[in-house]
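Worksheet: one structure, shown below.
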Amino acid sequence: MVSETTATMTEPVIQMENLNVYYGSTLAVRDVNINIPYNQVMAFIGPSGCGKSTVLRCLNRMNDLIPSARVEGKVTYHGRDIYSSDVDAVDLRRRVGMVFQKPNPFPKSIYENIAFGARINGYQGDMDELVEDSLRKAAIWDEVKDQLKKSGLALSGGQQQRLCIARAIALQPDVILMDEPCSALDPISTLRVEELINQLKDQYTIVIVTHNMQQASRVSDYTAFFNAEATEQGGKQGFLVECDTTKTIFNNPREKSTQEYVSGRFG
Amino acid sequence: MNADSNLSQVADALWKPNRGLNNFVQRAVVITFAMFALISIATTFGIVASLVFETFEFFTAVPIWRFLTDRQWTPLFTNAQYGIFVLLSGTFLTSLIAIVVAVPLGLFSAICLSEYASPNLRRWLKPALELLAGVPSVVFGYFALLLVTPFLRSMFPQIAGFNALSAGLVLGISITPLIASLSEDAIYAVPDSLRQGCYALGTTRRETITGVVLPAALSGIVASCILAISRAVGETMIVALAAGQNPTMTLNPFVPIMTMTAYIVQVSLGDTPAGSLAYKSIFAVGTSLFLLTLILNVFSFWFVRRFQEKYE
Amino acid sequence: MTSPNQVLQGDSCQPNAYKFSPALPSRYKTDGIFKALAWAAVVISLTVLVVLLADVANDGISRINWNFLTSFPSRRPAESGLLSALVGTIWVMALVALFSFPIGVGAGIFLEEFIADSFFENIVEVNIANLAAVPSIIYGLLGLQVFVRWLFPITGGRTILSGALTLTLLILPIIIIATRESLRAVPSSLRQAGFALGATRWQVVREIIFPQALPGILTGVILALSRAIGETAPLITIGALTFIAFLPPLSLQGLRTTFSVLPIQVFNWVSRPQAEFHLLAAGGIIVLMVMLLLMNGIAIYLRNRFQQNR
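Protein chains in written order, with my numbering: chain A, 2 to 268; chain B, 3 to 314; chain C, 3 to 312.
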């Protein structure tokens with residue numbers, strides 16, 4: 002199944018091979034094989050507890066921050082295993098940006114929210130230019146250009162989320178991971194973020210986790226469907242059901258459970 | 003005859019809520035408790051009243067401009083001088099040394115507890131630090147006079163037996179847990195989503211702490227430091243035991259000095275009759291001390307209100 | 003270590019990326035120094051605590067014997083004991099507990115349950131926060147003026163009653179704050195449930211809220227009392243004596259006798275020049291610290307039980 006989908010993808014940026022994620026001794030997600038193609042939008046969908054966010058967080062090693070989390074298998078980024086000892090998670094995260102479920106702007110000015118990460122990572126170019134450019138790309142420049150000194154917390158929820166996207170863009174990553182970026186937003190703000198994702202995919206590879214199937218079908222080119230099953234210990238174990246073009250997943254999926262999920266029969 | 007109405011009469015007879023009594027009890031309790039709450043207001047008035055009367059009488063005997071400009075504090079001399087800045091300099095010196103010790107020590111301890119220590123370790127370390135905060139100040143005074151001072155003198159023989167350095171150092175140790183505990187609360191309250199957002203930008207742990215976590219907790223940290231300063235300014239036993247009883251206007255930490263609090267203790271220990279000028283002078287000193295801590299407090303309130311970040 | 007710049011090839015996709023020079027090795031060096039400083043701070047603070055306790059224990063343990071606990075203070079160190087100070091501490095603390103518990107808890111309940119979010123509550127709240135930061139010696143001046151002088155007919159001057167009232171005012175803000183926090187932690191759904199059964203507000207508080215909050219309140223009260231037991235400065239100011247060679251009679255008249263307490267006895271012994279008295283002071287500190295540890299232990303026990311029940 003995986004090898005067949007790979008054939009339709011060009012130049013994978015990130016490849017996951019036999020990825021298992023453990024929390025302590027519990028296997029939380031098993032046996033994930035996905036290729037994420039260059040400058041496309043990949044959506045992770047599935048019922049809650051299926052491990053889609055967990056897998057997403059493996060891609061920039063955010064799981065390193067949870068002491069009990071452990072990863073088996075291989076994740077490569079441009080062909081390099083990101084879990085090998087000579088890859089630095091800090092450096093990786095600059096190239097693989099992330100946007101979170103709840104907007105989390107820093108309690109700093111709008112300008113500083115953008116400039117902060119760039120400065121720490123030794124950006125050598127003109128900072129004002131970078132800030133403006135990032136805010137423009139995140140489609141929020143016109144709303145905030147006169148109040149760059151104002152606190153990022155003073156913005157509305159939707160604006161905050163776009164500010165967080167701008168913050169990620171400022172580091173000039175080539176992959177942006179989005180963990181349910183619209184789940185805390187109202188419908189209009191959601192629409193704006195979705196439009197933004199459509200614009201961004203010309204320049205960035207985007208991986209988006211969403212619980213909203215319509216959203217997945219609207220914004221993504223490829224979709225990976227995850228499911229969960231109860232374990233003997235009483236927990237849940239996630240696994241990848243299938244991964245294909247969004248069109249295939251929604252219209253003509255290989256697996257029955259996918260068909261049931263996308264038609265809204267469970268989840 | 004009518005079973006239904008009989009039943010309901012029987013049922014009614016079972017319910018006799020004494021609403022009148024309940025409301026009476028509630029009113030009595032509320033009034034009593036309101037009086038208790040008023041005691042806290044009365045305490046403030048009591049403090050102000052007890053300070054104001056004697057201070058006023060003191061200033062009829064000693065003009066306020068001499069209180070503020072005299073360069074000597076010699077209440078026992080025939081030609082007595084009351085220059086409050088002599089005592090202020092002593093308080094300033096010991097508090098400064100204390101803050102220099104306590105702010106880095108307390109802040110780094112707070113950072114360690116909330117950001118570096120594992121949750122298990124934290125569960126042990128925090129009560130241990132709070133235990134340090136619970137040690138009575140007279141014990142710290144013992145420590146300063148009988149352990150730290152001899153130790154300092156063995157290294158620097160020119161230090162006097164009573165000195166501001168030893169008192170200031172131990173004073174700093176005694177307020178460290180206060181800064182550590184309150185700052186830790188503030189740092190721990192910073193939402194984890196901010197840390198995550200920062201790490202996702204490719205930052206190291208230190209950069210996350212100094213770049214995002216500490217600024218987000220700033221108001222709480224500053225408030226804890228100001229509270230610690232006002233504790234240091236008002237601390238009595240350590241300075242009374244270890245810093246000396248020698249009012250001098252100096253910033254030399256090696257010689258005996260006298261703080262405002264130490265002067266109050268000195269006069270209280272002596273047999274000073276109420277109504278004498280020396281008796282009134284401790285209230286004038288107390289007023290100065292009260293105003294000083296009040297200013298610190300007001301500043302702290304203002305700062306927290308101005309810079310507190312509201313997270314969901 | 004190979005430079006991660008060479009390892010990760012992603013930059014080739016972004017024309018601007020060469021403008022970043024992350025300089026990771028030097029950043030990690032700063033990280034290491036920072037982390038070392040943080041741990042050093044904790045280690046230093048705890049070392050001081052251990053040195054302090056060890057020093058006092060080492061100096062004073064030889065003095066701890068039955069004689070020391072049952073003798074009055076004396077000019078001759080070898081015969082000197084802390085009986086009057088110990089009894090004085092027990093008297094004062096019993097009175098402080100008796101006064102501060104109902105007043106502090108009552109005021110806390112009133113503010114939190116009856117007039118929350120009113121103008122009066124705001125004033126009292128600011129006032130209490132302010133009082134909590136007033137130096138203890140100022141409370142001493144308050145006690146000297148109000149209890150020792152103005153209320154002389156009631157208190158009898160520099161007596162146990164004056165001392166206990168002064169310390170009560172000193173710890174009231176702590177107890178009120180702790181009471182309010184414990185009450186706030188009780189879920190408001192419980193209050194709603196009580197009202198829905200037709201109970202008055204006071205019945206809800208007494209029967210439902212207060213029992214839930216009691217462990218937390220007791221913890222706060224005990225911690226406040228352990229602050230009071232070590233207070234020295236305000237009692238010196240109101241004129242507690244250091245040389246007391248009698249015990250207060252176990253009657254109301256006992257309230258109006260002059261007194262000493264442990265920390266004042268310790269202060270007196272420390273401030274004498276002879277080293278023999280310093281050993282007595284260490285012995286006194288041990289007794290004081292044992293009482294404090296006991297109180298703290300009870301508070302921690304209550305807190306842990308409290309947290310398990312949630």
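C-beta: ideal position from N, C-alpha, C; glycine also.
Asked	Found
Residue environment, A63/B, which counts as buried when at least 16 other CB atoms sit within 10 Å	exposed
Beta-carbon gap between L97/C and I41/B smaller than 9 Å	no
Neighbour flag for V141/B against chain C, beta carbons, 9 Å	yes
Start-to-end residues for the alpha helix (DSSP H) that takes in E18/A	Counting along the chain, E18/A falls outside any alpha helix (DSSP H), though it belongs to the beta strand (DSSP E) covering 13 to 24.
Contact set for M10/A: own chain, Cβ-Cβ below 7 Å, skip 5 residues either direction	The pLDDT assigned to M10/A is 47, lower than 50, so where the model puts this residue is not dependable; a value taken from the coordinates is nonetheless given after this. Excluding positions up to five away in sequence, the list reads N36, P38.
Amino acids of chain C, ordered along the chain, whose beta-carbon sits closer than 7 Å to that of G136/B	S228, L294, N298
The segment 221 to 228 of chain C / the segment 163 to 180 of chain C touching (three or more Cβ pairs under 8 Å)	yes
4-residue-minimum alpha helix (DSSP H) runs that sit fully inside the segment 177 to 252 of chain C, ordered along the chain	190 to 198, 203 to 206, 212 to 232, 235 to 240
Cβ pair I15/A, T55/A closer than 9 Å	no
Pair within 9 Å by beta-carbon distance, G52/A and A229/A	yes
Contact with chain C by F305/B, beta-carbon distance below 9 Å	no
DSSP-derived helix/strand/coil call for K21/C	helix
Inter-residue Cα distance where the pair is P104/C and A225/B	30 Å
Residues that S195/B contacts on chain A, provided the C-beta gap is smaller than 8 Å	F101, K103, N105
Burial state of D349/B (16 or more Cβ within 10 Å)	Any property of residue 349/B remains undetermined from this structure, which presents chain B solely from 3 to 314.
Straight-line gap, E111/A to R168/A (C-alpha atoms, nearest Å)	The question names Glu, yet the displayed sequence has Ile at residue 111/A. In a straight line, the C-alpha of I111/A is about 9 Å away from that of R168/A.
From S102/C, L167/C, F112/C, F279/C, residue whose alpha carbon lies closest to that of A30/B	F112/C
Identity of the residues DSSP links to Y78/A by a beta bridge	I15/A, R81/A
First and last residue of the uninterrupted alpha helix (DSSP H) at L45/B	The question names Leu, but residue 45/B in the sequence shown is Thr. Element bounds for T45/B: 21 to 63.
Integer Cβ distance of V172/B from I240/B, believed to fall under 8 Å	6 Å
Contact set between Q28/B and chain C, taken where Cβ atoms lie within less than 9 Å	T202, R203, W204, Q205
Proximity winner among V287/B, A119/B, F301/B, relative to I140/C (alpha-carbon distances)	V287/B
Neighbour list for F103/C in chain A, Cβ cutoff strictly below 9 Å	What F103/C touches in chain A: nothing, since even the nearest Cβ is about 41 Å away.
At least three beta-carbon pairs within less than 8 Å, the segment 125 to 139 of chain B to the segment 176 to 184 of chain B	yes
Sufficient close CB pairs (3 or more, under 8 Å) joining the segment 181 to 199 of chain C to the segment 157 to 170 of chain C	no
Segment contact, 8 Å Cβ cut-off, at least three pairs: the segment 154 to 171 of chain A with the segment 93 to 104 of chain A	yes
Residues of the segment 158 to 179 of chain A with Cβ closer than 7 Å to any Cβ of chain C, in chain order	Q173, D175
Residue nearest to R163/A in terms of C-alpha spacing, selected from Q200/A, E130/A, M128/A	Q200/A
Neighbourhood of T249/A by C-beta, 6 Å cutoff - its chain only, sequence neighbours within 5 removed	none
Same chain only: Cβ atoms within 8 Å of P188/A, ignoring 5 sequence neighbours per side	none
Span of the alpha helix (DSSP H) around M43/A	Unbroken run through M43/A is the beta strand (DSSP E), 42 to 46; no alpha helix (DSSP H).
Anticipated Cβ contact below 8 Å, K128/B with L115/B, distance rounded	6 Å
Buried or exposed by the 16-neighbour rule on C-beta atoms within 10 Å, applied to N60/C	exposed
Cβ separation of V268/C and A247/C, assumed to be a contact under 8 Å, to the nearest whole Å	With a Cβ gap of about 18 Å, V268/C and A247/C do not count as contacting.
Validate contact between the segment 240 to 253 of chain B and the segment 186 to 205 of chain B using beta carbons, cut 8 Å, 3 pairs	no
Any beta strand (DSSP E) of 3 or more consecutive residues that is wholly inside the segment 259 to 309 of chain B	none
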